[in-house]
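121 is the number that the working numbering gives to position 109 of the sequence shown; each next residue is one higher, with no gaps. Note that beta-carbon positions come from the ideal geometry of N, C-alpha and C, so glycine has one too. In this text, all values refer to a predicted model and were calculated from it rather than measured experimentally. Take a look at the structure below.
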Amino acid sequence: MNQFAVNQFAVKQLPGALLLMNVKTPDSHIPSHANVDQQEIEKFEAVASRWWDLDGEFKPLHRINPLRLNYILQRADGLFGKKVLDVGCGGGILSESMAREGAEVTGLDMGFEPLQVARLHALESGVSVSYVQETVENHAAQYQRTYDVVTCLEMLEHVPDPESVVRACAKLVKPGGHVFFSTINRNRKAWLMAVVGAEYILKMVPKGTHDAKKFIRPSEMISWIDKTTLKEQHIIGLHYNLLTDKFRLGRNVDVNYMLHTQSV
Numbered sequence: 013m014n015q016f017a018v019n020q021f022a023v024k025q026l027p028g029a030l031l032l033m034n035v036k037t038p039d040s041h042i043p044s045h046a047n048v049d050q051q052e053i054e055k056f057e058a059v060a061s062r063w064w065d066l067d068g069e070f071k072p073l074h075r076i077n078p079l080r081l082n083y084i085l086q087r088a089d090g091l092f093g094k095k096v097l098d099v100g101c102g103g104g105i106l107s108e109s110m111a112r113e114g115a116e117v118t119g120l121d122m123g124f125e126p127l128q129v130a131r132l133h134a135l136e137s138g139v140s141v142s143y144v145q146e147t148v149e150n151h152a153a154q155y156q157r158t159y160d161v162v163t164c165l166e167m168l169e170h171v172p173d174p175e176s177v178v179r180a181c182a183k184l185v186k187p188g189g190h191v192f193f194s195t196i197n198r199n200r201k202a203w204l205m206a207v208v209g210a211e212y213i214l215k216m217v218p219k220g221t222h223d224a225k226k227f228i229r230p231s232e233m234i235s236w237i238d239k240t241t242l243k244e245q246h247i248i249g250l251h252y253n254l255l256t257d258k259f260r261l262g263r264n265v266d267v268n269y270m271l272h273t274q275s276v
């Protein structure tokens, strides 16, 4: 039995009280008006058990996470002692890494299975993260101006109304706080690399992970940001080199990109 199978067996033996530690009881009914694509939720729930498999479907996320984390640390002047919200946290890869930097992290997602995996992994790792199953819009209605840093990475292209998510993130951050977004540009090159290349040729992620129609141009992101209390501070691209099999950050934003904004 491999280590992951052992972990899955172990969690089934844990007392119910321990299993519910640090997570809200899930609501299996998603309101029809919620900014949620049920097919997207089901897609990620189907592979949630392999979220922390370094060679599985989420291998690219594990590999780019140090780049994402370092960018956040540099632009937000560190995370120690700060309240951080990770929107669309999934299985908790970024959430845990920010918690290890001394942040008080809340991870938000609408997928129950990914949150279960995230909670279990946090228990195994001894990392404190509060995981909540809730839309960011609902969370913003209760916790306006609560967080020093809000992250929303690789999530916007998976919801019906990404602008609504941007507005909610702006409400959640404190004045002077930082909000980070990342998504995929919408153009032919991005389709070729993020869909055809990554899903069908290199098989870096499962087929059907992305819908190119949901990709977002930087100009669209900035137009949404300009309607909020956020102000764009910096934009940077994320690049994959096929020859070296390595990721890096760079100026070109033709495919993947990250945006750093600050509340004013």
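- Annotation: residue 217 to residue 205 spans about 12 Å, alpha carbon to alpha carbon.
- Taking all protein chains in view, the Cβ of residue 212 is surrounded by fewer than 16 other Cβ atoms within 10 Å, so the residue is classified as exposed.
- Its chain contains 175, 178 as the residues whose beta carbon lies nearer than 7 Å to that of residue 236, once the 5 sequence neighbours on both sides are disregarded; these appear in chain order.
- In the three-state DSSP reduction, residue 142 falls in the strand class (E or B).
- In this structure, residue 116 and residue 96 form a Cβ contact; the two beta carbons are roughly 7 Å apart against a cut-off of 8 Å.
- Taking one beta carbon from each stretch, the segment 102-116 and the segment 132-145 have 3 or more pairs nearer than 8 Å; the two touch.
- Looking at the DSSP output, residue 195 bridges to 269.
- In the pairwise beta carbon analysis, the segment 66-73 is classified as not touching the segment 123-142: fewer than three pairs are separated by under 8 Å.
- In the DSSP annotation of this structure, the continuous segment of the beta strand (DSSP E) that includes residue 95 starts and ends at 95-99.
- Contact between residue 52 and residue 170 holds, with the beta-carbon distance rounding to 5 Å and staying under 8 Å.
- DSSP links residue 118 through a beta bridge to 97, 142.
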